[in-house]
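Undergrad: FYI, the numbering for the sequence shown is 9 to 294, going by the numbering used here. Even for Gly, the Cβ is constructed at its ideal location relative to N, Cα and C. Attaching a single structure in structure tokens format; questions to follow.
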Amino acid sequence: MSQKVGFGAHSNVYKDEGGRFVVKWALPDSVRQLRKENTVYLRLQGTPGILKHYSYGEHSGTAYLTLEYAGGSLLSMLDMAVRGIGCFDCLDLAFTIASTLPILVSIHMQGVIHGDIHPGNILVLSSGIKLIDFGSSRFSRDSPNASFNYADTYGYSPYYSGVERIAHGLPTFQDDVVSFAYTLVHVADGGCMPWDNDFAEVMGSDPSPQLMAVQLIVLKNSFSAQQLCKGLPNVFESFLTAALTFQKVRWRSFNYNYWREQFNITPYSEVHPPSKRYRFLKGLTE
Numbered sequence: 009m010s011q012k013v014g015f016g017a018h019s020n021v022y023k024d025e026g027g028r029f030v031v032k033w034a035l036p037d038s039v040r041q042l043r044k045e046n047t048v049y050l051r052l053q054g055t056p057g058i059l060k061h062y063s064y065g066e067h068s069g070t071a072y073l074t075l076e077y078a079g080g081s082l083l084s085m086l087d088m089a090v091r092g093i094g095c096f097d098c099l100d101l102a103f104t105i106a107s108t109l110p111i112l113v114s115i116h117m118q119g120v121i122h123g124d125i126h127p128g129n130i131l132v133l134s135s136g137i138k139l140i141d142f143g144s145s146r147f148s149r150d151s152p153n154a155s156f157n158y159a160d161t162y163g164y165s166p167y168y169s170g171v172e173r174i175a176h177g178l179p180t181f182q183d184d185v186v187s188f189a190y191t192l193v194h195v196a197d198g199g200c201m202p203w204d205n206d207f208a209e210v211m212g213s214d215p216s217p218q219l220m221a222v223q224l225i226v227l228k229n230s231f232s233a234q235q236l237c238k239g240l241p242n243v244f245e246s247f248l249t250a251a252l253t254f255q256k257v258r259w260r261s262f263n264y265n266y267w268r269e270q271f272n273i274t275p276y277s278e279v280h281p282p283s284k285r286y287r288f289l290k291g292l293t294e
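This is the structure we're talking about:
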């Protein structure tokens, strides 16, 4: 085990030299979170789009979780494109991500709320899409008192979260859908959002978690779905609007299959306006 390939709020991630698996080591005081993540992976084994689980153990006050290795995060692709190292057709990629909505459906039907959906937790591979990092997840039947400190603003990515999550901390099925929608819009628009400068200013001022939550809620409420999706195919605005409305209703009332079909039937000519086109370096995600 030699190469550090990632880190999160609760763990560091290392890849073995042969590139066969990764090991997540819990940070101090985060053993409980990794233990819960292990339980989630065990429940989801066999679900398409979920990494294979190999082992879990605790030793000398820490814990480790061994999982299948798979490279090619969506976030790294966006970063490389922004820096001019690689480029891709962002709309094609967004529609590919949209087609994986059944992964989200599958974990929700098994009572799992991911809690932190964003480009860094989506892997784009030649073999398909993977949803990773269940460190902020919870089971739908968990009571608030039984859950971890989800109100910790730095334990998830507020950039992709809905205002309900920012306000109350506890992740829900609805917030997963909102985060998925924001991720699609972000990718489709070439790795940016209209609120980027304001968001960076709020985060850079390093306010208290409570003040930051208030500022982010005000900021997000000041942008409509129409503003965020300007210049994109209509299906993105429609999906984001439905996702934001979905936060106010029961999760089972959201028609996942309908939206998957809407993304699939959008005319090819509509998804390829010249201003949104990028080429992607073959093999980058393989």
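I need the boundaries of the beta strand (DSSP E) containing W33, first residue and last residue.
TA: Residue 33 sits at position 25 when you count from the first residue of the sequence shown. From DSSP, the beta strand (DSSP E) with W33 extends over 29 to 34.
Undergrad: Over what stretch of residues does the alpha helix (DSSP H) that includes T50 continue unbroken?
TA: Locating residue 50 in the sequence shown gives position 42, where the first residue counts as 1. The sequence given here has Leu at residue 50, not Thr. Its alpha helix (DSSP H) spans residues 39 to 52.
Undergrad: By Cβ distance, which residues of its chain are closer than 8 Å to L59, with the 5 residues on each side in sequence left out?
TA: The count along the sequence shown starts at 1 and reaches residue 59 at position 51. Y49, L75, E76, A78, K138, I140.
Undergrad: Given 8 Å as the limit, is there contact between the stretch 163 to 178 and the stretch 219 to 236, that is, 3 or more CB pairs closer than that?
TA: Verdict: yes, contact present.
Undergrad: Going by other Cβ atoms of all chains shown within 10 Å of its Cβ, with 16 needed for buried, is H67 buried or exposed?
TA: Your numbering for residue 67 matches position 59 in the sequence shown. So H67 counts as exposed.
Undergrad: Between the stretch 15 to 22 and the stretch 31 to 42, can you find at least three pairs of beta-carbon atoms closer than 8 Å?
TA: Judged by Cβ distances under 8 Å, the stretch 31 to 42 makes contact with the stretch 15 to 22, as three or more pairs qualify.
Undergrad: Please state if the CB of T180 and the CB of I111 are separated by a distance shorter than 8 Å.
TA: The residue given as residue 111 occupies position 103 in the sequence shown. The residue given as residue 180 occupies position 172 in the sequence shown. No. Outside cutoff.
Undergrad: Would V195 and A251 qualify as a contact pair, given that the criterion is a beta-carbon distance under 8 Å?
TA: Translated into the one-based positions of the sequence shown, residue 195 becomes position 187. Translated into the one-based positions of the sequence shown, residue 251 becomes position 243. No, Cβ-Cβ distance for V195 and A251 is not below 8 Å.
Undergrad: Give the secondary structure of R149 by DSSP, where H, G and I count as helix, E and B as strand, and everything else as coil.
TA: For this step, residue 149 is matched to residue 141 along the sequence shown. Reduced to three states, the DSSP call for R149 is coil.
Undergrad: Could you check the C-alpha separation between T191 and L248 for me, to the nearest Å?
TA: Taking the sequence shown and counting its residues from 1, one reaches residue 191 at position 183. Taking the sequence shown and counting its residues from 1, one reaches residue 248 at position 240. Roughly 10 Å between the two C-alpha positions.
Undergrad: Name the DSSP beta bridge partners of I130, please?
TA: Position 122 of the sequence shown, counted from the first residue, corresponds to residue 130. Per DSSP, L139.
Undergrad: Tell me the DSSP secondary structure of N263 in three-state form.
TA: What you label residue 263 is simply residue 255 of the sequence shown in a count that begins at 1. In the structure shown, N263 sits in coil (DSSP, three-state: anything other than H, G, I, E or B).
Undergrad: What are the boundary residues of the beta strand (DSSP E) that includes T70?
TA: As a position in the sequence shown, residue 70 is number 62, starting the count at 1. Looking at the DSSP string, the run of the beta strand (DSSP E) that includes T70 is 70 to 76.
Undergrad: Once DSSP output is grouped into helix, strand and coil, what is the label at S19?
TA: Walking along the sequence shown from the start, residue 19 turns up at place 11. Reduced to three states, the DSSP call for S19 is strand.
Undergrad: Reducing DSSP to helix, strand and coil, say where E66 ends up.
TA: Your numbering for residue 66 matches position 58 in the sequence shown. E66 falls in the strand class under three-state DSSP.
Undergrad: Quick check on the DSSP output: the alpha helix (DSSP H) that includes P217 runs from which residue to which?
TA: Locating residue 217 in the sequence shown gives position 209, counting from the first residue. That run of the alpha helix (DSSP H) goes 217 to 229.
Undergrad: Around the C-beta of Y168, are 16 or more other C-beta atoms found within 10 angstroms, so that it is buried, or is it exposed?
TA: Taking the sequence shown and counting its residues from 1, one reaches residue 168 at position 160. Burial call: buried.
Undergrad: Among S84, Q118, A106, S232, which residue has its Cα nearest to the Cα of G54?
TA: Reading the sequence shown from its first residue, position 46 is the one you call residue 54. Residue Q118 is the option with its Cα nearest to G54.
Undergrad: Within the same chain, show all residues whose beta-carbon is closer than 6 Å to that of N157, passing over the 5 residues directly before and after it, in chain order.
TA: For the purposes of this step, residue 157 is taken as residue 149 along the sequence shown, with counting starting at 1. Because N157 carries a pLDDT of 40, less than 50, the predicted location of this residue cannot be relied on, and no value is offered for it.
Undergrad: Taking the straight line between their C-alpha atoms, what separation do you get for K284 and R40?
TA: Along the sequence shown, one-based indexing puts residue 284 at 276. Along the sequence shown, one-based indexing puts residue 40 at 32. Since pLDDT at K284 reaches only 46, below the 50 mark, its modelled position is unreliable, and no value is offered.
Undergrad: Under DSSP, the alpha helix (DSSP H) around I174 begins and ends at which residues?
TA: Within the sequence shown, the letter at position 166 stands for residue 174. Element bounds for I174: 171 to 176.
Undergrad: Just to check my reading of the structure: P127 and L86 have Cβ atoms closer than 8 Å, yes? What is that Cβ distance to the nearest angstrom?
TA: Numbered from its first residue, the sequence shown carries residue 127 at position 119. Numbered from its first residue, the sequence shown carries residue 86 at position 78. At roughly 6 Å, the Cβ-Cβ gap stays under 8 Å, so P127 and L86 are in contact.
Undergrad: Indicate whether L245 and F142 have their beta-carbon atoms separated by less than 8 Å.
TA: By one-based count along the sequence shown, residue 245 stands at place 237. By one-based count along the sequence shown, residue 142 stands at place 134. According to the sequence provided, residue 245 is Glu. The question's Leu does not apply to it. No, Cβ-Cβ distance for E245 and F142 is not below 8 Å.
Undergrad: Using CA atoms only, rank isn't needed, just tell me which of C200, P215, D204, S148 is closest to L227.
TA: Here the question's residue 227 lines up with position 219 in the sequence shown. Considering only alpha carbons, the answer is D204.
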